[in-house]
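Notes follow once the structure below has been shown.
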Amino acid sequence: MQKLGQEREERQMYQCTLEKEGFLGTFYESETPTEKAIIFVGGSGENRENVEQRAQALCKEGFHVLALGYYLWKPLSPHTVGIPIDYAERAIAFLKNYDAVSIRKIGMTGLSLGAAYTLLCASYLPEISCVVSVSGFDFVVEGCKYFFFRQHKSYFSYHGEDVPYEPAEALSQLGKTLRSWKKDPHYGSKAMNRFYYNECFKNRTDDSRIKVENIHGDVLLLAPA
74 MQKLGQEREE RQMYQCTLEK EGFLGTFYES ETPTEKAIIF VGGSGENREN VEQRAQALCK
134 EGFHVLALGY YLWKPLSPHT VGIPIDYAER AIAFLKNYDA VSIRKIGMTG LSLGAAYTLL
194 CASYLPEISC VVSVSGFDFV VEGCKYFFFR QHKSYFSYHG EDVPYEPAEA LSQLGKTLRS
254 WKKDPHYGSK AMNRFYYNEC FKNRTDDSRI KVENIHGDVL LLAPA
């Protein structure tokens, strides 16, 4: 009986590695028969354990779920610089060729930074046919290290090339930026990120905009009040 339980658990969960599949992830196979799978990514600073726990909860609702590491998960970089869309592209290939189940539709969801990554991936990868973006942003900015140090490279990359982005000039004048945030009555003490994206890129160009019109499927945008 114990051996049967172990085989069942192994069948329902599969670890993806950089060496074999080209990305980090954990695939949870639903007990409910379905041809739908969801790529699930975490938010900024969210560790692997939390992402996997939430992915498992979603799996129990009747979906196959792949918890995808796109940065921060060891040995991936902890910095938001050049995060590859390629990881999602390889995850899609894995799902389409997974022998244990037949997957015909692939959705993707994420929170905060993961929400922006989700929208961006879907705008590049036509196989993603459903998107749920929770508290995301709609354009790409310059990547940074330790939140404040400019890198003059994009947050995201695709096939080794920078995704078009807006330069983070506000980080070169950090003291002035922080004072402006604290003086602005529209942004409270917990709304620094919102201030940064709303107020520090007023003259952004269309090049950096995430082209949601290129998404081949439905899009649901969610944001808490």
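Anchor point for the sequence shown: position 46 equals 119 in the working numbering, and the numbering is continuous, going up by one each time.
Quick reminder that beta carbons are idealized off the backbone N, C-alpha and C, glycines included.
Cutoff 7 Å; reference residue i; Cβ partners in own chain excluding five residues on either side
i: Glu108; result: Ser175, Ile176, Arg177 and Lys178
i: Ala188; result: Ser206, Val207, Ser208 and Gly209
i: Tyr160; result: Phe96, Leu141 and Tyr143
i: Trp146; result: Leu97 and Arg121
i: Cys273; result: Ala243 and Thr250
Same chain, Cβ closer than 8 Å to residue i, five either side skipped, listed in chain order
i: Gln224; result: His152, Val154, Glu215, Gly216, Cys217 and Lys218
i: Ile165; result: Ile112, Ile179, Leu198, Glu200 and Ile201
i: Ile288; result: Leu192, Ala195, Ser196, Ile201 and Val204
i: Asn123; result: Gly115
Cross-strand partners of residue i (DSSP beta bridge)
i: Thr153; result: Cys217
i: Val292; result: Val204
i: His137; result: Ala110
i: Arg268; result: Per the sequence presented here, residue 268 reads as Phe, with Arg not at that position. The partner list for Phe268 (beta bridge, DSSP) is empty, contrary to what the question assumes.
i: Arg282; result: Phe212
Cβ neighbours of residue i in the same chain (closer than 6 Å, five flanking residues each side left out)
i: Leu293; result: Val205
i: Phe24; result: What the structure shows of the chain is the stretch from 74 to 298, and residue 24 is not part of that stretch, so it cannot be assessed.
i: Pro240; result: Glu215
i: Lys249; result: none
i: Gln85; result: Glu102
Helix, strand or coil at residue i according to DSSP, with G and I counted as helix
i: Tyr101; result: strand
i: Lys109; result: strand
i: Cys132; result: helix
i: Gly78; result: Note that Gly78 scores 44 on pLDDT, short of 50, meaning its location in the model is unreliable; the coordinates nonetheless yield the value given after this. Correct three-state label for Gly78: helix.
i: Cys89; result: strand
i: Ser206; result: strand
i: Gly142; result: strand
i: Arg277; result: coil
i: Phe96; result: coil
i: Ser262; result: coil
i: Asn287; result: helix
Environment of residue i [buried if 16+ CB atoms lie within 10 Å]
i: Ala364; result: The first residue shown for the chain is 74 and the last is 298, placing residue 364 beyond what the model contains.
i: Ser281; result: buried
i: Ser227; result: buried
i: Ala243; result: buried
i: Ala264; result: exposed
i: Ser262; result: exposed
i: Pro297; result: exposed
i: Gly115; result: buried
i: Ser245; result: exposed
i: Gln79; result: Caution is warranted here: a pLDDT of 47 is assigned to Gln79, below 50, making its placement in the model unreliable, and no coordinate value can be reported.
i: Pro106; result: exposed
i: Leu186; result: buried
i: Thr182; result: buried
i: Leu168; result: buried
i: Phe222; result: exposed
Below-7 Å beta-carbon distance, residue i vs any chain B residue
i: Asn287; result: The structure shown contains no chain B, having only a single protein chain.
Review point. In the region 220-246, which residue ranges form an unbroken beta strand (DSSP E) of at least 3 residues, counting only runs that do not cross its ends?
Key: 222-227 and 229-231
Exercise for review: Only counting runs of 3 or more residues, tell me where the beta strand (DSSP E) segments fall wholly within the region 153-192, in order along the chain.
Suggested key: 178-184
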